[in-house]
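Reading through the structure tokens given below for one structure.
Protein chains: 6
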Amino acid sequence: MKMSARNMLNGKVEGVTVGKVMASVKIRIEDPNMITAIITQESVNELDIKEGDVVKAIIKSTEVMIGKE
Amino acid sequence: MKMSARNMLNGKVEGVTVGKVMASVKIRIEDPNMITAIITQESVNELDIKEGDVVKAIIKSTEVMIGKE
Amino acid sequence: MKMSARNMLNGKVEGVTVGKVMASVKIRIEDPNMITAIITQESVNELDIKEGDVVKAIIKSTEVMIGKE
Amino acid sequence: MKMSARNMLNGKVEGVTVGKVMASVKIRIEDPNMITAIITQESVNELDIKEGDVVKAIIKSTEVMIGKE
Amino acid sequence: MKMSARNMLNGKVEGVTVGKVMASVKIRIEDPNMITAIITQESVNELDIKEGDVVKAIIKSTEVMIGKE
Amino acid sequence: MKMSARNMLNGKVEGVTVGKVMASVKIRIEDPNMITAIITQESVNELDIKEGDVVKAIIKSTEVMIGKE
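Residue numbers (this note's numbering), protein chains in the order written: chain A, 557 to 625; chain B, 557 to 625; chain C, 557 to 625; chain D, 557 to 625; chain E, 557 to 625; chain F, 557 to 625.
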């Protein structure tokens with residue numbers, strides 16, 4: 557399946573913190589960039605997301621802001 | 557000002573397409589990763605965003621999804 | 557690829573309106589429900605989205621609100 | 557009050573999981589489609605959302621992505 | 557209908573810019589605060605949003621970030 | 557750093573509820589308006605967000621909906 561989401565960054569999971577409803581997943585996309593993804597605890601279970609997994613961080617382009625000095 | 561948004565990626569603007577209300581900004585964060593940011597035409601004007609600018613792509617962590625093969 | 561996004565609704569494209577940067581896509585998921593998706597003009601082109609296409613409307617669960625009478 | 561949000565899907569609550577801050581609400585919109593909504597625990601309390609409730613799942617159209625085989 | 561969205565700010569429309577797909581609406585919530593809402597051109601038409609209208613700006617709490625000096 | 561996000565509202569923190577992954581922050585922007593921001597527990601810690609802090613609530617304009625009677 558091809559997706560309309562414009563941003564797909566390859567990375568490796570470096571940490572997972574699971575709460576009752578939500579979970580935080582740390583994805584190293586390359587040094588020094590780390591992405592934090594907040595997804596449901598249910599998704600972490602169903603996709604069996606764990607340290608060392610090769611994953612994609614997917615972001616709809618309307619969700620990206622720009623900062624400029 | 558420090559921001560709660562967890563994801564800030566350094567990049568360089570490689571292209572800007574401006575419509576009447578919205579604009580698309582292409583940001584090279586590093587080879588081979590390109591980020592597309594959809595922001596307002598007004599923001600492009602006020603921040604004077606143009607090709608070659610050094611910028612940050614900023615993403616709230618609740619907006620990041622994960623894909624896994 | 558499996559995705560963390562919890563909501564995937566099967567539907568058929570009933571209309572596409574394309575602007576310079578953004579596009580509106582009408583997806584019939586079943587009578588009487590129609591979904592409007594605002595995606596980039598670039599995505600419409602790359603995925604060649606047109607009337608009659610069978611597609612999925614994908615929504616991260618943190619983006620869903622609830623209304624109750 | 558009329559809302560700008562384009563997507564309102566009628567459904568029935570089939571499950572609620574409440575954490576300290578967030579809550580997950582499962583809404584059956586029709587077979588076989590289930591919607592997961594992540595809202596605040598506070599909203600679940602204030603709207604008294606519980607199994608069997610008739611509700612609307614509300615989604616801003618800029619939050620909808622499209623997948624196509 | 558009661559909504560799960562936690563943030564509803566009363567304001568008055570001070571300007572509307574309409575593109576082919578999207579529209580920008582400026583809402584004065586009180587001096588000196590102005591809210592910019594990007595909604596569909598279709599919503600502006602259906603709700604007949606125009607200068608002087610008394611409206612609510614509605615924001616899901618997961619979409620709010622915090623900045624601190 | 558200047559940001560593309562169009563909406564920055566000055567306020568004071570009136571309450572913080574911290575869960576394992578997410579946190580809810582109540583920000584008084586002026587009477588009678590209160591903003592609820594759901595951010596990560598990690599952000600609350602790193603920015604040391606606590607009652608009485610002067611902060612900005614930051615909202616991308618694509619995340620704002622409009623309601624009209």
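For each residue, glycine too, the CB sits at the ideal point set by N, CA and C.
query: Going by C-alpha distance, which of B:588, B:604, B:581, B:613 is nearest residue 562 (chain B)?
result: Taking the second sequence and counting its residues from 1, one reaches residue 562 (chain B) at position 6. Distances from the alpha-carbon of residue 562 (chain B) to those of B:588, B:604, B:581, B:613 put B:613 closest.
query: Do we get a CB-CB distance below 9 Å when we pair residue 613 (chain D) with the residues of chain G?
result: In summary, chain G is missing from the structure at hand, where the protein chains are A, B, C, D, E and F.
field: Proximity below 9 Å, CB of residue 574 (chain F) to CB of residue 560 (chain B)
entry: Start at 1 with the first residue of the sixth sequence, and residue 574 (chain F) comes out as number 18. Start at 1 with the first residue of the second sequence, and residue 560 (chain B) comes out as number 4. No, Cβ-Cβ distance for residue 574 (chain F) and residue 560 (chain B) is not below 9 Å.
query: Can you tell which of A:623, A:566, A:558 has its C-alpha closest to the C-alpha of residue 610 (chain A)?
result: For the purposes of this step, residue 610 (chain A) is identified with residue 54 of the first sequence, where counting begins at 1. Taking only the C-alpha atoms, the option nearest residue 610 (chain A) is A:566.
Partner residues on chain D for residue 575 (chain F), Cβ-Cβ distance less than 9 Å: Looking up residue 575 (chain F) in the sixth sequence gives position 19. The answer, in chain order, is 575, 576, 577, 578, 597.
Test: residue 561 (chain A) CB closer than 9 Å to a CB of chain D: Position 5 of the first sequence, counted from the start, is the residue given in the question as residue 561 (chain A). It does: the Cβ of residue 561 (chain A) has a partner Cβ on chain D nearer than 9 Å.
Alpha carbon of residue 588 (chain D) to alpha carbon of residue 594 (chain D), nearest angstrom: The count along the fourth sequence starts at 1 and reaches residue 588 (chain D) at position 32. The count along the fourth sequence starts at 1 and reaches residue 594 (chain D) at position 38. Near 20 Å, if we compare the C-alpha coordinates of residue 594 (chain D) and residue 588 (chain D).
task: Kindly indicate which three-state DSSP category residue 625 (chain B) falls into: helix, strand or coil?
output: As a first step, residue 625 (chain B) is located in the second sequence; it is residue number 69 there, counting from the start. Looking at residue 625 (chain B) - three-state DSSP - the assignment turns out to be coil, as it is neither helix nor strand.
message: Give me the DSSP bridge partner(s) of residue 574 (chain D).
response: The count along the fourth sequence starts at 1 and reaches residue 574 (chain D) at position 18. Answer by DSSP bridge pairing, in chain order: D:579.
message: According to DSSP, simplified to helix, strand and coil, what is residue 598 (chain C)?
response: Reading the third sequence from its first residue, position 42 is the one you call residue 598 (chain C). When DSSP states are grouped into helix, strand and coil, residue 598 (chain C) belongs to the helix group.
message: Using CA atoms only, rank isn't needed, just tell me which of D:603, D:623, D:569, D:558 is closest to residue 602 (chain C).
response: Counting from one through the third sequence, the residue named residue 602 (chain C) turns up at place 46. Of D:603, D:623, D:569, D:558, the residue nearest in Cα terms is D:623.
message: Between the alpha carbons of residue 598 (chain D) and residue 580 (chain D), how many angstroms are there, rounded?
response: As a first step, residue 598 (chain D) is located in the fourth sequence; it is residue number 42 there, counting from the start. As a first step, residue 580 (chain D) is located in the fourth sequence; it is residue number 24 there, counting from the start. The straight-line gap from Cα to Cα measures roughly 12 Å.
field: Segment limits, beta strand (DSSP E) that includes residue 620 (chain B)
entry: Start at 1 with the first residue of the second sequence, and residue 620 (chain B) comes out as number 64. Annotation: residue 620 (chain B) is outside any beta strand (DSSP E) and is labelled neither H nor E by DSSP.
message: My output table needs one value for residue 593 (chain D): the three-state DSSP class, helix, strand or coil.
response: The residue given as residue 593 (chain D) occupies position 37 in the fourth sequence. Strand, per DSSP.
query: How is residue 565 (chain E) classed by DSSP in three states: helix, strand or coil?
result: Translated into positions along the fifth sequence, residue 565 (chain E) becomes position 9. DSSP places residue 565 (chain E) in strand when its eight states are reduced to three.
- prompt: Are the C-beta atoms of residue 616 (chain C) and some chain D residue less than 9 Å apart?
  reply: In the third sequence, counting from the first residue as 1, residue 616 (chain C) sits at position 60. It does; some Cβ of chain D falls within 9 Å.
- request: Show which residues of chain B have a CB atom less than 8 Å away from the CB atom of residue 623 (chain E).
  value: The residue labelled residue 623 (chain E) in the question sits at position 67 within the fifth sequence. The contacting residues are 557, 558, 559, 560.
- request: Count the other CB atoms, across all protein chains shown, that sit within 10 Å of the CB of residue 557 (chain F); report buried if there are 16 or more and exposed otherwise.
  value: By one-based count along the sixth sequence, residue 557 (chain F) stands at place 1. Residue 557 (chain F) comes out exposed.
message: Using C-beta distances below 8 Å, list every residue in its chain close to residue 577 (chain B), excluding the 5 sequence neighbours before and after it, in chain order.
response: Translated into positions along the second sequence, residue 577 (chain B) becomes position 21. Cβ neighbours of residue 577 (chain B) beyond the five flanking positions: 596, 597.
- request: Just the C-alpha distance for residue 583 (chain A) and residue 604 (chain C), rounded to the nearest angstrom, thanks.
  value: In the first sequence, counting from the first residue as 1, residue 583 (chain A) sits at position 27. In the third sequence, counting from the first residue as 1, residue 604 (chain C) sits at position 48. Their backbone Cα atoms lie some 31 Å apart in a straight line.
query: Is residue 603 (chain C) close to chain A, meaning its C-beta is less than 9 Å from at least one C-beta of that chain?
result: For the purposes of this step, residue 603 (chain C) is taken as the residue at position 47 of the third sequence. Interface annotation, residue 603 (chain C): in contact with chain A, CB-CB separation under 9 Å.
- prompt: What is the DSSP secondary structure of residue 557 (chain D), reduced to helix, strand or coil?
  reply: By one-based count along the fourth sequence, residue 557 (chain D) stands at place 1. Residue 557 (chain D): coil per DSSP, three-state reduction.
- prompt: Taking 9 Å as the CB-CB cut-off, is residue 570 (chain F) touching chain E?
  reply: Residue numbering aside, residue 570 (chain F) sits at position 14 when the sixth sequence is read from its first letter. No, its Cβ sits nowhere closer than 9 Å to a Cβ of chain E.
task: Kindly identify the DSSP beta-bridge partner or partners of residue 607 (chain A).
output: Residue mapping note: residue 607 (chain A) aligns to position 51 of the first sequence, counting from 1. In the DSSP output, where bridge partners are listed per residue, residue 607 (chain A) has none listed.
- prompt: Does the distance from the CB of residue 615 (chain A) to the CB of residue 621 (chain B) come in under 9 Å?
  reply: In the first sequence, residue 615 (chain A) corresponds to position 59, counting from 1. In the second sequence, residue 621 (chain B) corresponds to position 65, counting from 1. Yes.
Chain C residues whose Cβ lies nearer than 8 Å to that of residue 585 (chain B): The count along the second sequence starts at 1 and reaches residue 585 (chain B) at position 29. The contacting residues do not exist; residue 585 (chain B) stays about 18 Å from chain C at best.
message: Run through chain E and tell me which residues come within less than 9 Å of residue 594 (chain C), C-beta to C-beta.
response: Locating residue 594 (chain C) in the third sequence gives position 38, where the first residue counts as 1. Going along chain E in sequence order, the residues near residue 594 (chain C) (Cβ under 9 Å) are 577, 578, 596.
message: Here's a check: name, in chain order, each residue in its chain whose Cβ is nearer than 7 Å to the Cβ of residue 572 (chain C), leaving out the five neighbours to either side.
response: For this step, residue 572 (chain C) is matched to residue 16 along the third sequence. 579, 581, 600, 605, 606, 607, listed in sequence order.
query: Just checking my contact of residue 618 (chain D) with residue 592 (chain A) at CB under 8 Å: how many whole Å lie between their CB atoms?
result: The residue labelled residue 618 (chain D) in the question sits at position 62 within the fourth sequence. The residue labelled residue 592 (chain A) in the question sits at position 36 within the first sequence. Contact flag wrong, Cβ pair sits at about 22 Å.
message: Which same chain residues end up closer than 6 Å to residue 564 (chain A) when comparing Cβ atoms and leaving out the 5 residues on each side of it in sequence?
response: Indexing the first sequence from 1 puts residue 564 (chain A) at position 8. These residues qualify, in order along the chain: 612, 614.
query: Any heavy atom of the ligand SAH closer than 8 Å to the Cβ of residue 561 (chain B)?
result: The ligand SAH is not among the ligands present in this structure, which contains no ligands whatsoever.
- prompt: Quick one: is residue 607 (chain E) near chain B, going by C-beta distance under 9 Å?
  reply: As a working mapping, residue 607 (chain E) is identified with position 51 in the fifth sequence. By this cut-off, residue 607 (chain E) is not an interface position.
message: Excluding the 5 residues flanking residue 568 (chain A) on each side, which residues of the same chain have their C-beta closer than 8 Å to its C-beta?
response: Here residue 568 (chain A) is taken as the residue at index 12 of the first sequence, counted from 1. Excluding sequence neighbours, residue 568 (chain A) sits near 583, 584, 608, 609, 610, 611.
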